[in-house]
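Take 155 as the starting number for the sequence shown in my numbering and just add one per residue. Even glycine gets a Cβ: it sits at the ideal position worked out from N, Cα and C. Please read all numbers here as calculations on a predicted model, not as lab measurements.
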Amino acid sequence: MPGKYRITFAVSAVQDLEAIRTWYAGQHIPEVGERLLEEVFSAVERLSDFPKSGRIVPEFDMVNLREIIHPPFRIVYRIDKRGVRIVRVWRSERAIKMP
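Below, the structure written as structure tokens:
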């Protein structure tokens, strides 16, 4: 896959990130939440050049649905012709359920 892939975030992923920030702020450690969000964004950046670098999500076994494990989070994303779309950012221990 030559060239750079465009990275976008689904509304669900944005809501996940906002929930992470809010939770840590509620624990009176907003700096931890901000640091974790920065780490998530840093982990996602590599997908622009290496979209297949994440593993296939084992629960679904679909080649275009992948994830990066960045403890304590699973960053789930979809690859298509338009780019990489981050769809969820969940705690690693959380089971994935699709509607």
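Taking DSSP as the reference, what is the three-state secondary structure of residue i?
i: Asp215; result: coil
i: Ile183; result: coil
i: Phe195; result: helix
Assign residue i to buried or exposed, taking buried as 16 or more other Cβ atoms, counted over all protein chains shown, within 10 Å of its Cβ.
i: Met155; result: For Met155, the pLDDT reaches just 45, beneath the cut-off of 50, and the residue's location in the model is therefore unreliable, although a value from the coordinates is still provided. Answer is exposed; the Cβ neighbour count stays below 16.
i: Ile240; result: buried
i: Ile183; result: exposed
i: Val217; result: exposed
i: Glu213; result: exposed
DSSP puts residue i in a beta bridge; with which residues?
i: Glu221; result: Arg209, Val230
Name the residue from the options whose alpha carbon lies nearest to the alpha carbon of residue i.
i: Thr176; options: Ala197, Arg242, Leu191; result: Leu191
i: His224; options: Trp244, His182, Lys206, Glu185; result: Trp244
i: Asp203; options: Glu188, Ile210, Glu213, Ile233; result: Ile233
i: Phe227; options: Ile161, Arg236, Tyr159, Val198; result: Val198
i: Phe163; options: Phe195, Tyr178, Gly187, Gln181; result: Phe195
> Contact between the segment 165 to 174 and the segment 208 to 217: three or more CB pairs below 8 Å?
Replying inline: Segments in contact, no.
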